[in-house]
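Residue numbers (the working numbering): 59 to 238.
Only one structure is covered here, and it is reproduced in the block below.
Right under this line is the structure:
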């Protein structure tokens, strides 16, 4: 197991184009979600709502993303390459985790947004500990829309904040620079 410093400094997003299509073992997904559950949450509101899509449900969600792009992108912004990229999700991504939260009303909403982001960071750090499992938090693909809120099953008072794509990569990137 890596040290805490190595996990934090080695945490990277990996794009779908880097995924090789192999499945991420279910025990890694379970570990990610368990570690997310331990994110700090003021007054223990635990506002995050994650829903894991795999198999046929994942394929249906990918189709919904394609449909959303085709129906909601103005003609002058429509990009066939972007649509082609979305069409690769179904076979390149192992699991899609919908990221949502439901405000409790007990604390300011920004605190619950921060708690949810921290839970996602815990998922990223969990993947950093695995040599070939990787993830990417996207806020595109219709994220945050009423359409995607319905697709992901969030309650009416919830907010859909994006999707966490999980997949296997042949080789991970760990190096990065930060200004002093």
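Think of the CB as a built atom: it goes at the ideal place given N, C-alpha and C, for glycine as much as any other residue.
- As a beta-bridge residue in DSSP terms, residue 153 pairs with 224.
- Judged by DSSP secondary structure, residue 110 falls within the beta strand (DSSP E) whose first and last residues are 106-111.
- Taken through DSSP and simplified to helix, strand or coil, residue 95 comes out as helix.
- A residue is called buried once 16 or more other Cβ atoms fall within 10 Å of its Cβ, and residue 61, having fewer, is exposed.
- Residue 202 is a Cβ neighbour of residue 218, given a cutoff of 8 Å.
- By the neighbour-count definition (other C-beta atoms within 10 Å, threshold 16), residue 133 is an exposed residue.
- Considering only 67, 83, 110 and 63, the residue with the shortest C-alpha distance to residue 223 is 110.
- Proximity of the stretch 66-81 to the stretch 114-131 falls short of the contact definition, fewer than three beta-carbon pairs being nearer than 8 Å.
- A residue is called buried once 16 or more other Cβ atoms fall within 10 Å of its Cβ, and residue 108 is buried on that count.
- Look at residue 196 here: in three-state DSSP terms it is strand.
- Within its own chain, the residues whose Cβ lies closer than 7 Å to the Cβ of residue 205, once the five positions on either side in sequence are excluded, are 126, listed in chain order.
- Spatial neighbours of residue 220 in its own chain (CB-CB distance under 7 Å, excluding positions within 5 residues in sequence) are listed in chain order as 157, 195, 196, 197 and 201.
- With a cutoff of 8 Å on beta-carbon distance, residue 69 and residue 186 are scored as near each other.
- Between the alpha carbons of residue 87 and residue 136 lies a gap of roughly 34 Å.
- Taking the C-beta atoms as reference points, residue 116 is found no nearer than 8 Å to residue 225.
- At least 8 Å separates the beta-carbon of residue 207 from that of residue 122.
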